[in-house]
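No gaps in the numbering here: position 99 of the sequence shown is 127 in the working numbering, and each next residue is one more. I have placed the structure first, in the form of structure tokens, so that the comments after it can refer back to it.
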Amino acid sequence: MRKYVLALLVVCYAGIFGLAADGMQLRQVLPDLGEADYQALEQGKIIDGSTVDGGSILPYFVPGTEAEKQAQAAQQAQGGFSIAALSYIPYGKKLHAMAPLSRQLAIFNAIRAISTQEGLQYISWRAGNKPKLLIERSAYMEDEKNLNTLLPDPVATTFPYSVQSYVYQRDTSFGGNRYLHTYTNSDQEIFVAIRNLSAMKVLGIFTAVPKEKLTINMGTYQLDNGLLLVALTTIADRDPVVSILGLHVDLPSAFMRRITALQHWFVAQLDTIETK
Numbered sequence: 029m030r031k032y033v034l035a036l037l038v039v040c041y042a043g044i045f046g047l048a049a050d051g052m053q054l055r056q057v058l059p060d061l062g063e064a065d066y067q068a069l070e071q072g073k074i075i076d077g078s079t080v081d082g083g084s085i086l087p088y089f090v091p092g093t094e095a096e097k098q099a100q101a102a103q104q105a106q107g108g109f110s111i112a113a114l115s116y117i118p119y120g121k122k123l124h125a126m127a128p129l130s131r132q133l134a135i136f137n138a139i140r141a142i143s144t145q146e147g148l149q150y151i152s153w154r155a156g157n158k159p160k161l162l163i164e165r166s167a168y169m170e171d172e173k174n175l176n177t178l179l180p181d182p183v184a185t186t187f188p189y190s191v192q193s194y195v196y197q198r199d200t201s202f203g204g205n206r207y208l209h210t211y212t213n214s215d216q217e218i219f220v221a222i223r224n225l226s227a228m229k230v231l232g233i234f235t236a237v238p239k240e241k242l243t244i245n246m247g248t249y250q251l252d253n254g255l256l257l258v259a260l261t262t263i264a265d266r267d268p269v270v271s272i273l274g275l276h277v278d279l280p281s282a283f284m285r286r287i288t289a290l291q292h293w294f295v296a297q298l299d300t301i302e303t304k
């Protein structure tokens, strides 16, 4: 009985000290967040901010990373706007046991499995804040124009530090669009910049986001016990709200909902690593 109680205490203290260590490291790598933000991250919540009305997105990014470099450029840009979202995901048992570079490769392949985004839902304002289908089709392309041959998800056997791919996605908000995915990686960071190669239209007719004016960035950053997941969306030369024939499209809200859906998708992707 005494051994059982002692073992239970060890497990409890390990859990408490693990949480404390996570909180301490979050404060070290993200020094400009507020205390409420740190607590929200530790509780598994997504925190977010935007440059709309002069807001700052820089506190959400680890200094010195590629993600922070892109955030700096977005913060200083004139015209348009940017939104950022950040979450912290503790490693499962399998990811925690991996060597850092092996973990990077597994995470990289999980991010690139974009066909698994098919059927992804988001919370739709127009549907009364209820779940609605977001992505109908998601696949890689041979080149930036050829839609006749769509390719399966690639699987890397060694971790690459840079790579580019062309992607086709059809969603219920903006129809079918072509994108360029550009990865800039390091031993701790995976960063992908996604740029639209075709205009994004509402109702298939009216342009909401012109060609090459949208950049959706997603990045991961390895900590000792978990992963930071950051998203940065920038729309250049566009007001936050677009009005088309009496239809008002709140772009920051629309893309924040999209980012949230993608972050939930990514967490599900990490779970597939744990169960393999």
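The beta-carbon is built from N, C-alpha and C at its ideal position, and this holds for glycine as well.
Q. Can you name the start and end residues of the beta strand (DSSP E) that Glu217 belongs to?
A. Here the beta strand (DSSP E) through Glu217 covers Glu217 to Asn224.
Q. Quick one: is Gly254 buried, meaning 16 or more other Cβ sit within 10 Å of its Cβ, or exposed?
A. buried
Q) Is the Cβ-Cβ distance between Ser143 and Asp181 less than 7 Å? A) yes
Q.
Residues in the same chain with beta-carbon distance under 6 Å from Thr235, minus the five sequence neighbours each way, listed in chain order, please.
A. Ala227 and Lys229
Q | Ordered list of alpha helix (DSSP H) runs contained in the region 106-172, each at least 4 residues | A | 121-125 and 128-140
Q | CA nearest to the CA of Gln216, picked from Gln250, Ile117, Tyr207 and Asn224 | A | Gln250
**Q.** Span of the beta strand (DSSP E) around Asp76
**A.** Ile75 to Ser78
Q) Which residues in the same chain have their Cβ closer than 6 Å to the Cβ of Met246, if we skip the five residues on either side of it in sequence? A) Val220 and Ala259
Q. When you compare only the Cα positions, how much space is there between Gln192 and Pro59?
A. 32 Å
Q) When the distance is taken between beta carbons, is Ala112 closer than 7 Å to Ile139? A) no
Q: Could you give the DSSP three-state label for Gln56: helix, strand or coil?
A: Taken through DSSP and simplified to helix, strand or coil, Gln56 comes out as helix.
Q. Considering only the beta carbon of each residue, do Leu257 and Thr243 sit closer than 7 Å?
A. no
(Q) Based on DSSP bridge pairs, tell me the residues matched to Asp209. (A) Position check: residue 209 holds His in this sequence, whereas Asp was assumed. DSSP lists Ser193 and Ile222 as the bridge partner or partners of His209.
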